[in-house]
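Plus 8 on top of the position in the sequence shown (first one is 1) and you've got this note's numbering. C-beta atoms are modelled at their ideal positions from N, C-alpha and C, and glycine is treated no differently. Contents: one structure, followed by commentary.
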Amino acid sequence: MAITTQAASKPGTVDLAYDGKSLSMPIIEGSEGEIGIDVAQLRNKTGMITFDPGFGNTGACRSTITFIDGERGILRYRGYSIEELAARSSFLEVAWLLINGELPTGTELETFSREVIHHTMVHQDFGRFFDGLPKDAHPMPVCAAAVGALATFYQQPETEQSIHDSVTRLIAKMPTIAAYSYKHSLGQPFMYPRNVLDYCSNFLHMMFANPCEEYAVDPVLAKAVDLLLILHADHEQNCSTSTVRVVGSSRANLFASIAAGISALWGPLHGGANQQVIEMLDRIESEGGDVRAFVDRAKDKKDNSRLMGFGHRVYKNFDPRATILKKACTDVLNAKGLASRQLEIAMALEEIALSDDYFISHKLYPNVDFYSGIIYKALGIPVNMFTVMFTLGRLPGWIAQWIEMRHDPETRIVRPRQIYTGPTVRGYVPMEART
Ligand code: ACO
């Protein structure tokens, strides 16, 4: 079958020519000029499907939430630049923005913050849920299971009001669940939330306080957590967000959809990379601190080492979140009078890699994970909680995407096709005839 595509005579369409026939497909243009071919009629009209493993060329939806231009290092939530939001906003304000589409008024933010604070506690029976899990359980599956289990406590039929309540409950209870998963691994008693504290201070209190002594939350650390959560709050159709949309497309409820997103985020190719950066920096240090030798290994195709925290599927110039975090890292460490050998090694690695032909020609730059682990370490967050921190940040993005998907008249249950490459039809072989 001969197939060609070409710009069509009719403006705003692309023609697919195949087997002497042709199909005209509309071109869709986004508000920032990105262009897609609408292939919705392809199979109906031609019997053919598209083949795109990893969906690198596939637009799954129209979205008004987050814009990324990987070539120019641009990230915007609802049109606002990540740099401006990081400098001027707070996580709860950004959560409201992502979910509602506009920055909140003072009254809206106050009401939202009050509602969130009101819902931080989990049901007493829910606390016992953790008892059934092994002490050495990784906190990510604990969080995924706990968020899924929330659906058993809130079983109201789906209405605009019940979705609103689920959104508030999720944002309110996620820090409590995250801190409980950590306390469970330590065998320490759970700390109740303290509703006089702001969102991030409350999280740090539940993580690090214990009933035996006073714990004062350090505002520098709380501010750093707030920044980290803002930077992770959304990143359009990544693996975990797509998972949330796919699960939600079956009309599964918000808790079930977010639980699936947490599981997707857990993977080392997605949210797990920040942990690997710290492990890489520690390894370089334990092997004598020879940064240049490690960079050479990362370039060597016979060696499995990669420069973790470098490179990104979308960003091909710089990751704007990494630029913000690099400065935040030095600010936090300076403010706390902390020295970090890991930061020194990271900066030396960055300097060598950014002037190296291999990294320049492959368009490899530090990504958000390159510096986030160093801040988490400085905050006292244990390494296996790094991806949980990512979860806390990404939650409003998942929620916003789930709501957008539910309201989108173009949403259909997600059901990709395949190119079958297995055996063609064959007769059943009786057991005695099998060799
Ligand atoms: N160190 C050394 N070489 C690298 C690196 C790296 N970190 N990343 C990519 N390359 C090289 C590859 O070897 C390949 O080289 P080649 O074309 O000469 O064979 C080329 O760059 C392209 O690499 P791909 O893996 O095909 O690029 P892809 O876009 O699929 O992967 C990814 C992007 C997974 C982020 C990759 O750059 C990587 O593995 N980075 C390290 C892990 C990491 O930091 N992940 C976190 C990403 S950010 C996030 O998820 C929040």
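Measure from the alpha carbon of residue i to the alpha carbon of each residue in the options, then state which is nearest.
i: A48; options: Y428, K29, T419; result: T419
i: A361; options: R305, V340, I407; result: R305
i: S248; options: A272, L237, I238; result: A272
i: D377; options: L236, T119, P438, K324; result: L236
i: Y200; options: F134, I238, A230; result: F134
i: D206; options: S39, T128, K371, T54; result: T128
i: Q350; options: S30, V299, L400, V255; result: V299
i: F137; options: T160, R122, R291; result: T160
i: G66; options: R402, S369, N246; result: It is Thr, not Gly, that sits at residue 66 in the sequence shown. That would be N246, whose Cα lies nearest to the Cα of T66.
i: D416; options: S89, G44, R253, S30; result: R253
i: L229; options: L387, Q169, C220, F120; result: L387
i: D27; options: K53, A347, K191, G44; result: K53
i: P390; options: K310, L212, M439; result: L212
i: G401; options: S71, S32, A94; result: A94
i: I407; options: G81, P34, A354, L262; result: L262
i: A356; options: R425, V303, I368, R314; result: V303
Report yes if the C-beta distance between residue i and residue j is below 8 Å; otherwise report no.
i: R329; j: L106; result: no
i: A154; j: I179; result: no
i: E244; j: T74; result: yes
i: D327; j: P374; result: yes
i: V340; j: A232; result: yes
i: S257; j: M413; result: yes
i: M393; j: P147; result: yes
i: I125; j: N203; result: yes
i: I270; j: A157; result: no
i: G279; j: T395; result: yes
i: S193; j: D234; result: no
i: W410; j: S265; result: yes
i: R425; j: I57; result: yes
Answer yes or no: the CB of residue i versus the heavy atoms of the ligand ACO, is any distance below 7 Å?
i: N52; result: no
i: A306; result: yes
i: R314; result: yes
i: G319; result: yes
i: H146; result: no
i: D377; result: yes
i: A267; result: no
i: L277; result: yes
i: L372; result: yes
i: A330; result: no
i: A356; result: no
i: A272; result: no
From the DSSP output, read off the bridge partner residues of residue i.
i: F75; result: R84
i: T399; result: For T399, which the question treats as bridged, DSSP gives no partner whatsoever.
i: I45; result: I35
i: F318; result: P374
i: S89; result: R84
i: N218; result: E221
Does the CB of residue i have a neighbour CB from chain D at under 8 Å?
i: A330; result: Within the model displayed, chain D is absent; a lone protein chain is all it includes.
Should the region 284-291 be called in touch with the region 380-392, which here means at least 3 C-beta pairs below 8 Å? They touch, by the three-pair rule.
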